[in-house]
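Residue numbers (our numbering): 48 to 486. One structure is given below, encoded as structure tokens.
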């Protein structure tokens, strides 16, 4: 099916939901929500079109397979939050009419984000430039506002301040943006009833982002600016990267913070609370919860550009850490590993002035298979690598090439183990683990 892919999420039965631009009977471009079955055909009850004068925001899947999506139009239309079942029908109580204070209507300088909790609660955050404030609202499975919400976070900055949920339902969000430092200064945490968690918010200097870890921990990343900004480059705009691990009470855990010279990558965190990052010098570090560098680490990675594009690290389901540069480097928990070097490397072309060639982010099957997209000039392919770095039977799979498109493919694995491949804005492929087109 030819579609203009912009977002892909999955239901429990393997249904692929995507937000797409399709051509209607009158050949006009229409923005619609589409549900695809295993064979790639549109399911009954779909596609769903937005109301005249409104548009859909990126959707999110709930734990029961429901599809949540915000639809917004210009004032006075406002915004509603939908909850669609697999048949395209909304349950009683839906859609939810978003209050004016939380609505990002068309034409406003506003950003909104949607995250879904394990119990099906939908958390909608919105930042309005005119108010310089973030509104947070929680909607339960019946389409009603959860008692204690909405809440407001003052002096916050919405761009890139996407909230994250902890395993216990705590909602974390950045606030206190400092335009002089181009960074945040505070991290807030709210309980399921909308109340601030004890010990929060936490104030730290020059926060660039955060990651939620296990057992209530949060890893906060801060960048120290260069003393002379003119000495920075496309990939070196920080003199030092600082990692701070906070406990559930907001206190810094013993052994932290830890620093790295220059601009390091964002961290990835495994189920034991160990965090991994790629340093500016091309070394992958692994710290345990106490901040100690794990035995066998750091591991040196050749020819990578930290801070520039999608190179990693990436964490597989078996705790193998992957970094993509001119080759695929896979590092096991003890620091050993393997390398896979395809002909020509992994960087996809780009033609903008001063742009950086990036590698396509890998995807991982439930058995730990690593799916990698490999460019070959006028051709490209997908490879599936096993635990030893060997190409699995049935692979590689040749990808169709559009010479007018240079963007790397987007790889996603569905809950039932199929590999979905987004090719530019024109095509979606679904492949079974044996490398065959899914039917």
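Just so it is clear, CB atoms sit at the ideal spot from N, CA and C, and this is done for glycine as well.
Asked                                                                                                                            : Found
DSSP-derived helix/strand/coil call for residue 262                                                                              : helix
Nonlocal neighbours in the same chain, by C-beta distance under 6 angstroms from residue 476, ignoring five residues either side : 468
Inter-residue spacing [alpha-carbon to alpha-carbon] between residue 122 and residue 237                                         : 30 angstroms
Enclosing beta strand (DSSP E) for residue 322 [first to last residue]                                                           : 322 to 325
Identity of the residues DSSP links to residue 211 by a beta bridge                                                              : 219
Those runs of the beta strand (DSSP E) which lie wholly inside the segment 106 to 171 and span at least 3 residues               : 114 to 120, 126 to 131, 157 to 163
Residue-chain proximity (residue 445, chain C), Cβ-Cβ < 9 angstroms                                                              : Of the protein chains in the structure, only one exists, and it is not chain C.
Residue nearest to residue 395 in terms of C-alpha spacing, selected from 440, 424, 228                                          : 424
Within 9 angstroms, strictly: CB atoms of residue 320 and residue 350                                                            : no
Nearest candidate by alpha-carbon position, reference residue 247, set 264, 255, 253                                             : 264
Cα-Cα separation, residue 115 to residue 143                                                                                     : 11 angstroms
Residue 409 classed as buried or exposed, judged by whether at least 16 other C-beta atoms fall within 10 angstroms              : buried
Other residues of its chain near residue 313: CB distance less than 8 angstroms, five sequence neighbours each side excluded     : 256, 258, 268, 324
For residue 415 and residue 367, believed in contact at Cβ under 8 angstroms, the rounded distance                               : 7 angstroms
Sequence-distant residues of its chain with Cβ nearer than 6 angstroms to residue 199 (five each side left out)                  : 180, 182
Check whether residue 241 and residue 303 have beta carbons under 9 angstroms apart                                              : no
DSSP state of residue 296 mapped onto helix, strand, coil                                                                        : coil
Proximity below 9 angstroms, CB of residue 169 to CB of residue 58                                                               : no
Where the beta strand (DSSP E) containing residue 459 begins and where it ends                                                   : 457 to 460
Continuous beta strand (DSSP E) stretch holding residue 101: start and end                                                       : 101 to 103
Cβ pair residue 266, residue 249 closer than 9 angstroms                                                                         : no
Under the three-state DSSP convention, the category residue 383 falls into                                                       : coil
Among 224, 97, 81, nearest to residue 91 - alpha-carbon criterion                                                                : 81
As assigned by DSSP and simplified to three states, the class of residue 479                                                     : coil
Backbone CA spacing between residue 260 and residue 230 [nearest angstrom]                                                       : 21 angstroms
Residue closest to residue 446, alpha-carbon to alpha-carbon, out of 331, 419, 84, 433                                           : 419
Where residue 118 falls, given that 16 or more other Cβ within 10 Å makes a residue buried                                       : buried
For residue 229, the first and last residue of its enclosing beta strand (DSSP E)                                                : Taken as a continuous stretch (DSSP letters only), residue 229 belongs to no beta strand (DSSP E), as it is neither H nor E.
Identified DSSP bridge partners for residue 308                                                                                  : 287
Inter-residue spacing [alpha-carbon to alpha-carbon] between residue 305 and residue 174                                         : 32 angstroms
Residue burial classification, residue 391 (beta-carbon count within 10 angstroms, cutoff 16)                                    : exposed
For residue 201: DSSP bridge partner residues                                                                                    : 180
Backbone secondary structure at residue 467 - three-state DSSP                                                                   : strand
DSSP-derived helix/strand/coil call for residue 313                                                                              : coil
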